[in-house]
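Undergrad: Here's a structure for you.
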Amino acid sequence: MADVSRCQGRDAAGGSECRRRAAPRGRRDCSAHAGGSRDRGQLLLVGALALAVLFVALALLLNTAIYTGTLATRDAGGDATPAIEYVSASRSAGADAIRSVNRRNDTSTTDLRRAFVATTGRWDDLASHHRAVVGDAADVSVATVTNGTRIQQDDAGRNFTSNTTASDWTVVEGSGVVAVRSMRFTVDNSTLTSIDDAGNATAETVFHVVVDSTTGTTRTAYIYHNTSSGNAEVLVDDGGTETACPVGSVTDGTFVVDVSNASLGGASCRELGTLDDAEGDVSVEYGDGTAAGGTYTMVVEGHPTDGGVTLSELNPSGSPYWTDAIYSANLTVTYRTEELDYEATVEVVPE
Amino acid sequence: MTDDSSRRAGARADRAVSITVNYVIVLGITAVLISGLLVGAGGYVQEQRESVVREELSVVAEQVAAGIDDADRLAAAYPRNRSVRVGVDLPGRVAGESYRIQVTELTAPTNQPARHELTLRSAGTRVSVTLTVSTSVDLDERSVNGGWVVVRLDGGELVVATGDSSRTLALADPAAGGYTHD
């Protein structure tokens, strides 16, 4: 560019080489200068272009970096929490349904099953609508139902003897009895045998429940009144170790021995909870049934129609009696979103 | 006039020399400056590219880990007859490069959750990012390309696999329960 301006400058002054010499030569010189300047411009142009490409690449990288930032704030994958909550809610609804069905229907196992499936279905319809609002598809269906037998005594004025008033008797036994749950006694405090030392409970005439199983330990719970402490107590013998738990509170002369909840009159008794941890062929026996009175209830896995369940010392109606019940059920829970497909079979066993 | 003529003649002789030298010097300096600028800027861009790729791979690795974590949680929550599939929608390329996700098992102490290394490596710049995940359910050792990835439970262990090309979970029919209700 400097050459071009110099050439033009001389022309303007009137003494230029271009004018004094032959015009064609001067034009050649000028054009030659102009050609050189174009070459130099090209170098700059190429450099500028290459730099421009680099800047574009840099801009693209900046774009990617910004996208990364956006990506980092996004939810990754499907969130597992709603699925787990739904399964948990289904489980709890299933347990409530079993309790409700057992309480309201005791005509036959078929009726119980039908009622349970209908109840679960109604819950599923409502719950899946709630999930559909957020775009998730959920479903609960009953896979299997396990028959059970509920054993109960409603007459609070009766002692814990058999239908023939036998003091030591077998409540339930047989190869079809696989497990026991929901064992609860509401004991009349005034009917208990009084002893002065918990160590004598096994020797004295004290009401006791024995849960025996072919594959586990035999566990026994003795219920008595301890004159030393002035409280009702339960002594749990897990086949070697004996632990005594005092009663929490006595209301209207009664207190609840809740084996499933491991509590005695509202007070925690951890060892009591192990009483129904029996599997295999389970049998439940009462000893010295005359030494305590009140009501009780329990559900065993197994039903007389399926065989292997002996309930001969219970009445068909009137205390103590047995009825059909649902022991447990398996629910198939499906939960699906755009990014999650979950299906699980959950076992529902009310406590 | 005579002085002017001789001065002009002298100047012309100098000018011929200076023009050549001027050309060489200007071209040389320009070439050096521009090539220096290009090399420097090119290196800078490459450096930034690697940095961006590393950054994005880290984010992607975290997302894969989150997907594995979700699947692990679901698989461990109710361990009976469960079927778990968690889709993770990852970018197919990072800064224009494809990448691969590699799962490698690490030895975990006894009675500790299984530990695995997630290594994400870009194809072009060979940048790799490693993340360690702990799962209560075992994780299969394998590698998949980035993109739509599905973490599924297969035979008691979690598998990180390439998802369906539709970028959605191909759903099976709902499992029919044993009983139906009205």
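Sequences listed follow chains G and P, in order. Using my numbering, the first residue of the first sequence is number 860, and each one after it goes up by one. Using my numbering, the first residue of the second sequence is number 31, and each one after it goes up by one. C-beta: ideal position from N, C-alpha, C; glycine also.
1. Flag this pair as yes or no: are the beta carbons of residue 1001 (chain G) and residue 1184 (chain G) separated by less than 7 Å?
2. Mind pulling the chain G residues with CB within less than 9 Å of residue 22 (chain P)?
3. If you follow the beta strand (DSSP E) that residue 855 (chain G) is part of, which residue opens it and which one closes it?
4. Excluding the 5 residues preceding and the 5 following residue 1204 (chain G) in the sequence, name in chain order all residues of the same chain whose CB lies nearer than 8 Å to its CB.
5. Would you say residue 1142 (chain G) and residue 1032 (chain G) are within 7 Å of each other, going by their C-beta atoms?
6. Can you tell me whether DSSP reads residue 192 (chain P) as helix, strand or coil?
7. For residue 184 (chain P), report the span of its beta strand (DSSP E) as first-last.
8. Mapping DSSP to helix, strand and coil, what is residue 871 (chain G)?
9. Could you give the residue range of the beta strand (DSSP E) that holds residue 1117 (chain G)?
10. In whole angstroms, what separates the C-alpha of residue 1094 (chain G) from that of residue 1060 (chain G)?
11. In terms of residues, what are the limits of the alpha helix (DSSP H) holding residue 970 (chain G)?
12. Out of P:74, P:48 and P:192, which has the shortest C-alpha to C-alpha gap to residue 122 (chain P)?
13. Output needed in chain order: residues of the segment 141-157 of chain P with a Cβ under 8 Å from some Cβ in chain G.
14. Express the C-alpha separation of residue 1159 (chain G) and residue 1166 (chain G) in angstroms, rounding to a whole number.
15. Rounded to whole angstroms, what is the Cα-Cα separation between residue 1169 (chain G) and residue 1134 (chain G)?
16. DSSP on residue 172 (chain P), reduced to helix/strand/coil?
17. At least one CB of chain G closer than 7 Å to the CB of residue 185 (chain P): is that the case?
18. Nearest-angstrom Cα distance between residue 1005 (chain G) and residue 957 (chain G)?
19. With distances taken between CB atoms, is the gap from residue 1128 (chain G) to residue 1137 (chain G) smaller than 7 Å?
20. With respect to the beta strand (DSSP E) encompassing residue 941 (chain G), which residues constitute its N-terminal and C-terminal limits?
21. Going along the segment 106-134 of chain P in order, which residues come within less than 9 Å of chain G, judged by CB to CB distance?
22. Cα-Cα, which of P:194, P:186, P:71 and P:78 is closest to residue 108 (chain P)?
23. Going along the chain, which residues of its own chain have a beta-carbon closer than 7 Å to the beta-carbon of residue 87 (chain P), five neighbours each way excluded?
24. Chain G partners of residue 67 (chain P), CB-CB under 8 Å?
25. Could you tell me which chain G residues have their CB closer than 9 Å to the CB of residue 60 (chain P), listed as they occur along the chain?
26. Taking just the CA atoms, how far does residue 1012 (chain G) sit from residue 194 (chain P)?
27. If I'm right that residue 120 (chain P) touches residue 94 (chain P) with Cβ under 8 Å, what's the distance once you round it to whole angstroms?
28. What residues in its chain sit with their C-beta under 6 Å from that of residue 952 (chain G), if we drop five residues either side in the sequence?
TA: Quick look at the numbers:
1. Counting from one through the first sequence, the residue named residue 1001 (chain G) turns up at place 142. Counting from one through the first sequence, the residue named residue 1184 (chain G) turns up at place 325. The answer is no: Cβ separation not under 7 Å.
2. Lying outside 31 to 212, the shown extent of chain P, residue 22 (chain P) is not represented and no answer is given.
3. For chain G, the structure presents residues 860 to 1210; residue 855 (chain G) sits outside this window and is missing.
4. Counting from one through the first sequence, the residue named residue 1204 (chain G) turns up at place 345. The answer, listed in chain order, is 1002, 1189, 1190, 1191 and 1192.
5. As a first step, residue 1142 (chain G) is located in the first sequence; it is residue number 283 there, counting from the start. As a first step, residue 1032 (chain G) is located in the first sequence; it is residue number 173 there, counting from the start. Contact flag set, yes.
6. Here residue 192 (chain P) is taken as the residue at index 162 of the second sequence, counted from 1. If DSSP states are grouped into helix, strand and coil, residue 192 (chain P) belongs with the strands.
7. Translated into the one-based positions of the second sequence, residue 184 (chain P) becomes position 154. From DSSP, the beta strand (DSSP E) with residue 184 (chain P) extends over 178-184.
8. Along the first sequence, read from residue 1 onward, the residue named residue 871 (chain G) stands at position 12. The predicted model places residue 871 (chain G) with a pLDDT of 40, which falls under 50 and marks its position as unreliable; any figure quoted below should be read in that light. Reduced to three states, the DSSP call for residue 871 (chain G) is helix.
9. Residue numbering aside, residue 1117 (chain G) sits at position 258 when the first sequence is read from its first letter. Run containing residue 1117 (chain G): 1113-1117, per the beta strand (DSSP E) assignment.
10. One-based indexing of the first sequence puts residue 1094 (chain G) at position 235. One-based indexing of the first sequence puts residue 1060 (chain G) at position 201. Cα-Cα distance, rounded: 8 Å.
11. Taking the first residue of the first sequence as position 1, residue 970 (chain G) is located at position 111. That run of the alpha helix (DSSP H) goes 968-992.
12. The sequence position of residue 122 (chain P) within the second sequence is 92, counting from 1. Among P:74, P:48 and P:192, the Cα nearest to that of residue 122 (chain P) is on P:192.
13. none
14. Counting from 1 along the first sequence, the entry for residue 1166 (chain G) is found at position 307. Counting from 1 along the first sequence, the entry for residue 1159 (chain G) is found at position 300. Taking the straight line from one Cα to the other gives about 13 Å.
15. Residue mapping note: residue 1169 (chain G) aligns to position 310 of the first sequence, counting from 1. Residue mapping note: residue 1134 (chain G) aligns to position 275 of the first sequence, counting from 1. Cα-Cα distance, rounded: 20 Å.
16. As a working mapping, residue 172 (chain P) is identified with position 142 in the second sequence. Looking at residue 172 (chain P) - three-state DSSP - the assignment turns out to be coil, as it is neither helix nor strand.
17. Here the question's residue 185 (chain P) lines up with position 155 in the second sequence. Judged by the 7 Å Cβ criterion, residue 185 (chain P) is not in contact with chain G.
18. Along the first sequence, one-based indexing puts residue 1005 (chain G) at 146. Along the first sequence, one-based indexing puts residue 957 (chain G) at 98. Spanning the two alpha carbons is a distance of roughly 11 Å.
19. The count along the first sequence starts at 1 and reaches residue 1128 (chain G) at position 269. The count along the first sequence starts at 1 and reaches residue 1137 (chain G) at position 278. Contact flag unset, no.
20. In the first sequence, residue 941 (chain G) corresponds to position 82, counting from 1. Unbroken run through residue 941 (chain G) is the alpha helix (DSSP H), 939-963; no beta strand (DSSP E).
21. 107, 108, 109, 110, 111, 112, 113, 114, 115, 116, 117, 118, 119, 120, 121, 124, 125 and 126
22. The residue given as residue 108 (chain P) occupies position 78 in the second sequence. Of the listed residues, the one whose Cα sits closest to residue 108 (chain P) is P:186.
23. The residue given as residue 87 (chain P) occupies position 57 in the second sequence. 124, 129, 150, 152, 157 and 159.
24. The residue you call residue 67 (chain P) lines up with position 37 of the second sequence. Correct list: 906 and 910.
25. Start at 1 with the first residue of the second sequence, and residue 60 (chain P) comes out as number 30. By Cβ distance, chain G contributes 899, 902, 903 and 906.
26. Along the second sequence, one-based indexing puts residue 194 (chain P) at 164. Along the first sequence, one-based indexing puts residue 1012 (chain G) at 153. Answer to the nearest angstrom: the Cα atoms are 60 Å apart.
27. Here residue 120 (chain P) refers to the residue found at position 90 of the second sequence. Here residue 94 (chain P) refers to the residue found at position 64 of the second sequence. Confirmed, about 7 Å.
28. Residue numbering aside, residue 952 (chain G) sits at position 93 when the first sequence is read from its first letter. Here the set comprises 982.
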